[in-house]
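Student: Position one of the sequence shown corresponds to residue 1 (this note's numbering), numbered consecutively onward. Here a beta-carbon is modelled for each residue, glycine too, at the ideal position from N, C-alpha and C.
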Amino acid sequence: MNSVAGKTVVITGSSRGVGADTAKILAGEGANVVVNYRQKAPRANKVIKEIEEAGGKGIAVGADLTDTESVENLFKQAVDTFGSLDVLILNASGGMESDLGEDYAMRLNRDAQDAALTAALKHLSDGGRVVFVTSHQAHFIREVETMDAYVEVAKSKRAGEDQLTSRIPEMTERGVDFVVVSGDMIEGTVTATLLNRAQPGALEARREAAGKLLSVNEFATEIAKMVTADVPTGHVELAGGSGDFPADGGAAQPVG
Numbered sequence: 001m002n003s004v005a006g007k008t009v010v011i012t013g014s015s016r017g018v019g020a021d022t023a024k025i026l027a028g029e030g031a032n033v034v035v036n037y038r039q040k041a042p043r044a045n046k047v048i049k050e051i052e053e054a055g056g057k058g059i060a061v062g063a064d065l066t067d068t069e070s071v072e073n074l075f076k077q078a079v080d081t082f083g084s085l086d087v088l089i090l091n092a093s094g095g096m097e098s099d100l101g102e103d104y105a106m107r108l109n110r111d112a113q114d115a116a117l118t119a120a121l122k123h124l125s126d127g128g129r130v131v132f133v134t135s136h137q138a139h140f141i142r143e144v145e146t147m148d149a150y151v152e153v154a155k156s157k158r159a160g161e162d163q164l165t166s167r168i169p170e171m172t173e174r175g176v177d178f179v180v181v182s183g184d185m186i187e188g189t190v191t192a193t194l195l196n197r198a199q200p201g202a203l204e205a206r207r208e209a210a211g212k213l214l215s216v217n218e219f220a221t222e223i224a225k226m227v228t229a230d231v232p233t234g235h236v237e238l239a240g241g242s243g244d245f246p247a248d249g250g251a252a253q254p255v256g
């Protein structure tokens with residue numbers, strides 16, 4: 001895929017933050033974007049309004065990734081509105097919430113990602129791409145320690161990455177590429193805010209260790225680039241960070 005112009009891109013969890021900025025960037029490049037939200041319709045509609053005011057095309061579709069029926073509807077609305085599904089960006093994640101059950105992190109970050117891929121593969125076009133967004137703290141969790149408050153989330157996101165990676169042969173058979181984009185802690189995200197609240201000073205410590213943390217828009221720009229980047233399926237793109245994390249070699253390989 002040399003250009004996203006005219007292509008349909010579904011971005012999960014894109015009513016705010018990194019997902020919203022990714023949607024705006026890709027819409028500015030001519031993509032038809034589907035902004036997915038779980039509960040905050042007004043926020044998602046605001047993103048679409050900004051996209052349309054800038055001359056882009058998009059729709060907002062509510063879907064809880066842990067609900068199979070609503071996920072099926074997400075992709076159906078994308079295809080019904082724009083005629084195709086060409087790119088899926090799996091950006092939604094969570095697990096630090098205290099009111100959604102002890103197993104919520106694994107249900108969302110592994111099981112729901114896997115189910116979303118299954119639903120999307122019914123519609124993804126030949127030559128399409130799936131992009132999984134994660135963090136260095138999750139990608140390298142078996143090799144590098146992270147903050148106590150983030151350990152279970154990190155493990156669940158790595159489990160999700162491993163599960164999706166195991167399905168590369170299936171995606172390849174359908175003509176679909178798979179790419180992972182991993183970022184260090186991102187300034188201004190909900191996760192960074194929650195971690196800093198759980199462990200005061202964590203954000204400043206990470207900023208000092210890394211030298212610089214990417215902004216929401218800078219990380220979104222890296223994700224948008226990987227939608228059309230000429231890389232092999234299974235590639236892992238590391239955005240930001242420092243020598244705290246080992247060299248990855250660019251291949252999404254389950255650890256251990």
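Where does D86 land, buried or exposed, given buried means 16+ other C-beta within 10 angstroms?
Tutor: Flag for D86 reads buried.
Student: How far does the alpha helix (DSSP H) with T8 in it extend, from its first residue to its last?
Tutor: Run containing T8: none in the alpha helix (DSSP H); it sits in the beta strand (DSSP E), T8 to I11.
Student: From the DSSP secondary-structure annotation, give me the bridge partner or partners of S15.
Tutor: Answer is none; S15 lacks a bridge partner.
Student: From E145 to A138, what does the alpha carbon distance come to, in whole angstroms?
Tutor: The straight-line gap from Cα to Cα measures roughly 10 Å.
Student: Spatial neighbours of A112 within its chain, please: C-beta separation below 6 Å, excluding the five flanking residues on both sides.
Tutor: Within the same chain, A112 has close Cβ partners L65 and T66.
Student: Are V176 and E237 touching if we call contact CB-CB under 8 Å?
Tutor: No.
Student: Looking at the structure shown, is G240 part of a helix, part of a strand, or coil, going by DSSP?
Tutor: Correct three-state label for G240: coil.
Student: Output yes or no for whether 8 Å exceeds the beta carbon distance between N109 and S125.
Tutor: Not in contact: N109 and S125 (Cβ atoms no closer than 8 Å).
Student: Unbroken alpha helix (DSSP H) runs of length 4 or more, entirely within the stretch 54-142: which are they?
Tutor: Segments of the alpha helix (DSSP H) lying fully in the stretch 54-142: 68-82, 113-120 and 136-139.
Student: G56 and G19: beta carbons closer than 8 Å?
Tutor: Going by C-beta atoms, G56 is not nearer than 8 Å to G19.
Student: How is D264 classed by DSSP in three states: helix, strand or coil?
Tutor: Any answer about residue 264 is impossible in this case: the structure gives the chain only from 1 up to 256.
Student: Going by C-alpha distance, which of T233, G188 and K212 is nearest G17?
Tutor: Here the closest residue by C-alpha is G188.
Student: Run through DSSP, which three-state label would S166 get?
Tutor: The answer is coil: DSSP assigns S166 none of H, G, I, E or B.
Student: For a quick check, are the C-beta atoms of S14 and T22 less than 8 Å apart?
Tutor: In contact: S14 and T22 (Cβ atoms closer than 8 Å).
Student: Contact between the stretch 118-133 and the stretch 164-175: three or more CB pairs below 8 Å?
Tutor: A contact exists between the stretch 118-133 and the stretch 164-175.
Student: Can you look up V47 in the DSSP assignment and give me helix, strand or coil?
Tutor: In the structure shown, V47 sits in a helix (DSSP, three-state: H, G or I).
Student: Quick check on S182: does DSSP put it in helix, strand or coil?
Tutor: Three-state result, S182: strand.
Student: For the alpha helix (DSSP H) containing V231, name the first residue and the last one.
Tutor: Counting along the chain, V231 falls outside any alpha helix (DSSP H), and DSSP gives it neither H nor E.
Student: Decide if K155 is buried, meaning its Cβ has at least 16 other Cβ atoms within 10 Å, or exposed.
Tutor: So K155 ends up on the buried side.
Student: Taking the straight line between their C-alpha atoms, what separation do you get for G256 and S70?
Tutor: For G256, the pLDDT reaches just 31, beneath the cut-off of 50, and the residue's location in the model is therefore unreliable, although a value from the coordinates is still provided. Going by the C-alpha atoms only, they are around 34 Å apart.
Student: Have a look at D103 and G160 and give me their C-alpha separation to the nearest angstrom.
Tutor: For D103 and G160, the distance between alpha carbons rounds to 14 Å.
Student: Leaving aside the five residues before and after F245 along the sequence, list all residues of the same chain whose C-beta is less than 7 Å from its C-beta, in chain order.
Tutor: Excluding positions up to five away in sequence, the list reads H136, F140 and V144.
Student: In angstroms with no decimal places, state the Cα-to-Cα distance between G62 and S84.
Tutor: Each residue's Cα considered, the two are about 18 Å apart.
Student: Can you list, in chain order, the residues of its chain whose CB lies under 7 Å from that of R107, leaving out five sequence neighbours each side?
Tutor: For R107, where only same-chain residues beyond five positions count, the Cβ hits under 7 Å are T66.
Student: Please identify the residue among V153, F178 and R174 whose C-alpha is closest to the C-alpha of T165.
Tutor: T165 has its Cα closest to that of F178, out of V153, F178 and R174.
Student: Tell me where the beta strand (DSSP E) around N32 begins and ends.
Tutor: Unbroken beta strand (DSSP E) run through N32: N32 to Y37.
Student: Spatial neighbours of A78 within its chain, please: CB distance less than 6 Å, with the 5 preceding and 5 following residues excluded, ordered by chain position.
Tutor: If we look at A78 and ignore the five residues flanking it on each side, its Cβ neighbours are T8, V10, V34 and L85.
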